[in-house]
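Here the protein sequences come in this chain order: H and P. Note that the first sequence covers residues 1 to 275 in our numbering. Note that the second sequence covers residues 1 to 208 in our numbering. Beta carbons are placed, not taken as given, at the ideal position from N, Cα and C, and that holds for glycine.
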Amino acid sequence: MSGIPHNPDGQPLTVDQALININQTADPGLRYYAAWWLGKMRIRQPNAIAALLTALEDESDRSPDGGYPLRRNATRALGKIGEGYDQVVPALIKCLHCDDYYVRETAAQSLESLGDSSAVPALAALLDGGLAAAIQVPGKPHLVQPYNAILEALGTLGNPELVSIIEPFLEHDVPQVRNAAARAMYQITAEAQYAERLVSVLADDQLQLRRAALMDLGAIGYLAGADAIANTLAENSMKLIALKGVLEHQLNKQATSLDLTNEGRRVMELMDGLL
Amino acid sequence: MVLPVKTFEICLQAVNEADSAQGLLDAVEDLADLNDERSIPTLIQVLGFNNPGAAVAAVEGLIQIGVPAVSSLLENLDGYNYGARAWAIRALAGIGDPRGLALLLNAAANDFSLSVRRAAARGLGNINWNDMPTTERTQAQQQCQDVLLQVTQDDEWVVRYAAVVGLESLALVNATTNIIQCLERVTTTDATLAVQARAQWALENLDK
Chain H
1 MSGIPHNPDG
11 QPLTVDQALI
21 NINQTADPGL
31 RYYAAWWLGK
41 MRIRQPNAIA
51 ALLTALEDES
61 DRSPDGGYPL
71 RRNATRALGK
81 IGEGYDQVVP
91 ALIKCLHCDD
101 YYVRETAAQS
111 LESLGDSSAV
121 PALAALLDGG
131 LAAAIQVPGK
141 PHLVQPYNAI
151 LEALGTLGNP
161 ELVSIIEPFL
171 EHDVPQVRNA
181 AARAMYQITA
191 EAQYAERLVS
201 VLADDQLQLR
211 RAALMDLGAI
221 GYLAGADAIA
231 NTLAENSMKL
241 IALKGVLEHQ
251 LNKQATSLDL
261 TNEGRRVMEL
271 MDGLL
Chain P
1 MVLPVKTFEI
11 CLQAVNEADS
21 AQGLLDAVED
31 LADLNDERSI
41 PTLIQVLGFN
51 NPGAAVAAVE
61 GLIQIGVPAV
71 SSLLENLDGY
81 NYGARAWAIR
91 ALAGIGDPRG
101 LALLLNAAAN
111 DFSLSVRRAA
121 ARGLGNINWN
131 DMPTTERTQA
141 QQQCQDVLLQ
151 VTQDDEWVVR
161 YAAVVGLESL
171 ALVNATTNII
181 QCLERVTTTD
191 ATLAVQARAQ
201 WALENLDK
């Protein structure tokens, strides 16, 4: 049976079987699923990384719109398990130039989660042309670049030199792009005015935008926004996740992590009220 | 000048005639603010409308009305759709009437929705023990403790967090060695920093 793709219905995949599946090409569906599974199950072993890096070069699995489904999954998986492997970041940087928008988007997200600032110049280059270039692709449901993912990655990985290229995106027509820019500007400058832009989105008419702002404020751990988060018109579960982010940001600042502060206690009081 | 008064009849009519999500929310908030027992059936009905904002307002209204709403909530429970049942459990958790205890014990341990387990675990720390005959109290508190100790092992951080809050409240009534030891364990071993911190705070509060 060795080398033959095998994924019996209802049976959980094993590591050995997933590696067989991702290293074969006869059944693209099994290969696609194995790529996702290796990341999901955090299989951080060299042969998994090697197989996923090979999958990034795949030309056989194509979607009707010309996309590369396998590469999308492999890119995402490498963001989860690629830390500590030298070839992963350069390979993901190369993916930032893939024809497939969704591969570029996932690559930016994965580079962010791997936390390697060597990706910054390549990410920043995708913002070339500024606002004027950041337009919708005709006939597609997205802009020319995955600006949200790029801006968020730059916020996490970036440095003050990026302020001048990120700042214009605060005025983009698409609210999600403006929010990603505000989040990045706050992370880079620590200036409250940028986080306050996200706080003001908590009062937006659209629930989707309020939810996204909750997640952004949780991700940046903006303490001064805690009350506004608790009072947002949205599901308590989302508000609790956002406040958890704020709380843990407070805790992480302490030398010994469980030295509670009054600010931390206040955030927990808000969380208690949402249970 | 006489300000227009929002009477029960006016508020009820506004809820029934609301033609937008925001309109319904505003009308339910007004109705809930009256704290009028006559609004119980309508507030319970709103729980099934799949409008989270309005449902939150209705739950708050029912909690404010409190004990008089409990029998209606319990009677209607089987007829609720899934979402409405979750909101009803939240209302019962907030009211803390011992008649809801069996429901909360089961929901905290077994409901498949994490938001229901979360609310029920919180509610188990919020029971009005004085409304329960003294002869039944010890056993009921033991049941609460057993379930909450179990729920500190839930897969979802927010449910474990709620269990810690529930245990803290229960310990303020009756601090047992089992609860204290459990909180100490959570403080050092829970996988989520926020849950560890909440257990730490609970221990601080119990120390006072």
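Inset, instruction - Go to Arg-183 of chain H, then tell me how far its alpha helix (DSSP H) extends in each direction, as first and last residue. - result: Along the first sequence, one-based indexing puts residue 183 of chain H at 183. Element bounds for Arg-183 of chain H: 175–189.
Inset, instruction - For the stretch 254–274 of chain H, enumerate the residues whose C-beta is nearer than 8 Å to any C-beta of chain P, in chain order. - result: Ser-257, Leu-258, Leu-260, Gly-264, Arg-265, Met-268, Met-271, Asp-272
Inset, instruction - Say whether chain A places a C-beta atom closer than 8 Å to the C-beta of Trp-201 of chain P. - result: In the structure shown, chain A does not exist; the protein chains are H and P.
Legend entry - Within chain H, partners of Ser-20 of chain P - CB distance below 9 Å: Reading the second sequence from its first residue, position 20 is the one you call residue 20 of chain P. Those within 9 Å of Ser-20 of chain P in chain H number zero; the least Cβ separation is about 11 Å.
Legend entry - Short Cβ contact (8 Å threshold) for Ala-34 of chain H with Leu-56 of chain H: The residue you call residue 34 of chain H lines up with position 34 of the first sequence. The residue you call residue 56 of chain H lines up with position 56 of the first sequence. No, these two residues do not count as a Cβ contact at 8 Å.
Inset, instruction - State the beta-bridge partners of Gln-136 of chain H as determined by DSSP. - result: One-based indexing of the first sequence puts residue 136 of chain H at position 136. Paired residue(s): H:Leu-143.
Legend entry - Minimum length 4: unbroken alpha helix (DSSP H) runs contained in the stretch 204–250 of chain H: You should have 207–220, 226–231.
Legend entry - Min CB distance Ala-88 of chain P to chain H below 8 Å: Translated into positions along the second sequence, residue 88 of chain P becomes position 88. It does not; no Cβ of chain H falls within 8 Å.
Inset, instruction - Out of P:Ser-20, P:Asp-30, P:Gln-22, state which residue places its alpha-carbon closest to the alpha-carbon of Cys-11 of chain P. - result: In the second sequence, the residue the question calls residue 11 of chain P occupies position 11. The residue with the shortest Cα to Cα distance from Cys-11 of chain P is P:Asp-30.
Legend entry - For Ile-89 of chain P and Thr-42 of chain P, the rounded distance between their alpha carbons: For the purposes of this step, residue 42 of chain P is taken as the residue at position 42 of the second sequence. For the purposes of this step, residue 89 of chain P is taken as the residue at position 89 of the second sequence. Going from the Cα of Thr-42 of chain P to the Cα of Ile-89 of chain P covers about 17 Å.
Inset, instruction - Give a yes or no on whether 8 Å exceeds the smallest Cβ distance from Gln-196 of chain P to chain H. - result: As a first step, residue 196 of chain P must be located in the second sequence, where it is residue number 196. By this cut-off, Gln-196 of chain P is an interface position.
Inset, instruction - Determine the closest residue to Leu-13 of chain H out of H:Gln-24, H:Trp-37, H:Asp-27, with distance taken between C-alpha atoms. - result: Here residue 13 of chain H corresponds to residue number 13 of the first sequence, with the count starting at 1. Comparing Cα-Cα distances from Leu-13 of chain H to each of H:Gln-24, H:Trp-37, H:Asp-27, the minimum goes to H:Trp-37.
Legend entry - Counted within 10 angstroms of its Cβ, other Cβ atoms place Gln-250 of chain H as buried (16 or more) or exposed: The sequence position of residue 250 of chain H within the first sequence is 250, counting from 1. So Gln-250 of chain H counts as buried.
Legend entry - 6 Å Cβ shell around Leu-114 of chain P - same chain, five flanking residues per side excluded: For this step, residue 114 of chain P is matched to residue 114 along the second sequence. Within the same chain, Leu-114 of chain P has close Cβ partners Glu-156, Val-159.
Inset, instruction - Take Pro-141 of chain H as the anchor and find which of H:Val-174, H:Leu-157, H:Ile-150, H:Leu-151 has the nearest alpha-carbon. - result: Locating residue 141 of chain H in the first sequence gives position 141, where the first residue counts as 1. Among H:Val-174, H:Leu-157, H:Ile-150, H:Leu-151, the Cα nearest to that of Pro-141 of chain H belongs to H:Val-174.
Inset, instruction - Express the C-alpha separation of Ser-113 of chain H and Ser-71 of chain P in angstroms, rounding to a whole number. - result: The count along the second sequence starts at 1 and reaches residue 71 of chain P at position 71. The count along the first sequence starts at 1 and reaches residue 113 of chain H at position 113. The straight-line gap from Cα to Cα measures roughly 51 Å.
Legend entry - For Ala-84 of chain P and Val-151 of chain P, believed in contact at Cβ under 8 Å, the rounded distance: In the second sequence, the residue the question calls residue 151 of chain P occupies position 151. In the second sequence, the residue the question calls residue 84 of chain P occupies position 84. Taking the Cβ atoms as the reference, Val-151 of chain P lies roughly 23 Å from Ala-84 of chain P, outside the contact range of under 8 Å.
Inset, instruction - Could you tell me which of H:Leu-275, H:Asp-227, H:Leu-198 sits nearest to Ala-213 of chain H, measuring between CA atoms? - result: Taking the first residue of the first sequence as position 1, residue 213 of chain H is located at position 213. Ranking the options by Cα distance to Ala-213 of chain H, first place goes to H:Leu-198.
Inset, instruction - Tell me whether the beta-carbon of Leu-162 of chain H lies closer than 8 Å to the beta-carbon of Ala-124 of chain H. - result: Counted from its first residue, the first sequence places residue 162 of chain H at position 162. Counted from its first residue, the first sequence places residue 124 of chain H at position 124. Cβ distance < 8 Å, so Leu-162 of chain H and Ala-124 of chain H count as in contact.
Inset, instruction - Pull up the distance between the alpha-carbon of Glu-17 of chain P and that of Met-215 of chain H, whole angstroms please. - result: Residue 17 of chain P sits at position 17 when you count from the first residue of the second sequence. Residue 215 of chain H sits at position 215 when you count from the first residue of the first sequence. So the alpha carbons of these two residues sit roughly 34 Å apart.
Legend entry - alpha helix (DSSP H) runs wholly inside the stretch 60–99 of chain P, at least 4 long, in chain order: Residue ranges of uninterrupted alpha helix (DSSP H) with 4 or more members, entirely inside the stretch 60–99 of chain P and ordered along the chain, are 70–76, 82–95.
Inset, instruction - For chain P, find out if any of its Cβ atoms is closer than 8 Å to the Cβ of Ser-237 of chain H; answer yes or no. - result: Residue numbering aside, residue 237 of chain H sits at position 237 when the first sequence is read from its first letter. Ser-237 of chain H counts as touching chain P.
Inset, instruction - Output the boundary residues of the alpha helix (DSSP H) element that contains Asn-47 of chain H. - result: Numbered from its first residue, the first sequence carries residue 47 of chain H at position 47. Taken as a continuous stretch (DSSP letters only), the alpha helix (DSSP H) holding Asn-47 of chain H covers 46–55.
Inset, instruction - Take Gly-96 of chain P as the anchor and find which of P:Ala-14, P:Leu-203, P:Ala-32, P:Ala-69 has the nearest alpha-carbon. - result: Position 96 of the second sequence holds residue 96 of chain P. Of the listed residues, the one whose Cα sits closest to Gly-96 of chain P is P:Ala-69.
Inset, instruction - For Leu-240 of chain H, return the contacting residues in chain P, with the cut-off set at a CB-CB distance below 7 Å. - result: Here residue 240 of chain H refers to the residue found at position 240 of the first sequence. In chain order: Val-158.
Legend entry - Proximal residues, the stretch 39–62 of chain H versus chain P, C-beta separation under 7 Å: none
Legend entry - Proximity test, Trp-36 of chain H beta-carbon vs the ligand GDP heavy atom, cut-off 7 Å: Only the bare structure without any ligand can be found here, which leaves the ligand GDP out of the picture.
Legend entry - Cβ separation of Ala-54 of chain P and Leu-24 of chain P, assumed to be a contact under 8 Å, to the nearest whole Å: Your numbering for residue 54 of chain P matches position 54 in the second sequence. Your numbering for residue 24 of chain P matches position 24 in the second sequence. Contact holds; Cβ gap of about 5 Å.
Inset, instruction - At 7 Å on the CB atoms, spell out the chain P contacts of Lys-244 of chain H, in chain order. - result: Along the first sequence, read from residue 1 onward, the residue named residue 244 of chain H stands at position 244. Ordered by position in chain P, the residues that pass the 7 Å Cβ test against Lys-244 of chain H are Ala-194.
Legend entry - Host alpha helix (DSSP H) of Trp-157 of chain P (start-end): Here residue 157 of chain P refers to the residue found at position 157 of the second sequence. Trp-157 of chain P -> alpha helix (DSSP H) spans 157–173.
Legend entry - Neighbour list for Glu-248 of chain H in chain P, Cβ cutoff strictly below 9 Å: The residue you call residue 248 of chain H lines up with position 248 of the first sequence. Going along chain P in sequence order, the residues near Glu-248 of chain H (Cβ under 9 Å) are Thr-192, Leu-193, Ala-194, Ala-197.
Legend entry - Residue range of the alpha helix (DSSP H) that includes Gly-277 of chain H: Any property of residue 277 of chain H remains undetermined from this structure, which presents chain H solely from 1 to 275.
Inset, instruction - Using a Cβ-Cβ cut-off of less than 8 Å, give me the residues of the stretch 155–183 of chain P that come near chain H, in sequence order. - result: Trp-157, Val-158, Tyr-161, Ala-162, Val-165
Inset, instruction - Please state if the CB of Trp-129 of chain P and the CB of Thr-173 of chain P are separated by a distance shorter than 8 Å. - result: Translated into the one-based positions of the second sequence, residue 173 of chain P becomes position 173. Translated into the one-based positions of the second sequence, residue 129 of chain P becomes position 129. According to the sequence shown, residue 173 of chain P is Val rather than Thr. Against a cut-off of 8 Å, the Cβ pair of Trp-129 of chain P and Val-173 of chain P comes out as a contact.
Legend entry - Proximal residues of chain P, C-beta to C-beta of Leu-233 of chain H below 9 Å: Translated into positions along the first sequence, residue 233 of chain H becomes position 233. Those are Leu-25, Pro-52, Gly-53, Val-56, listed as they occur along chain P.
Inset, instruction - Select from H:Gly-273, H:Arg-210, H:Leu-19 the residue whose C-alpha is nearest the C-alpha of Arg-41 of chain H. - result: Numbered from 1 along the first sequence, position 41 holds the residue referred to as residue 41 of chain H. What sits at residue 41 of chain H in the sequence shown is Met, not Arg. In terms of CA proximity to Met-41 of chain H, H:Leu-19 leads the group H:Gly-273, H:Arg-210, H:Leu-19.
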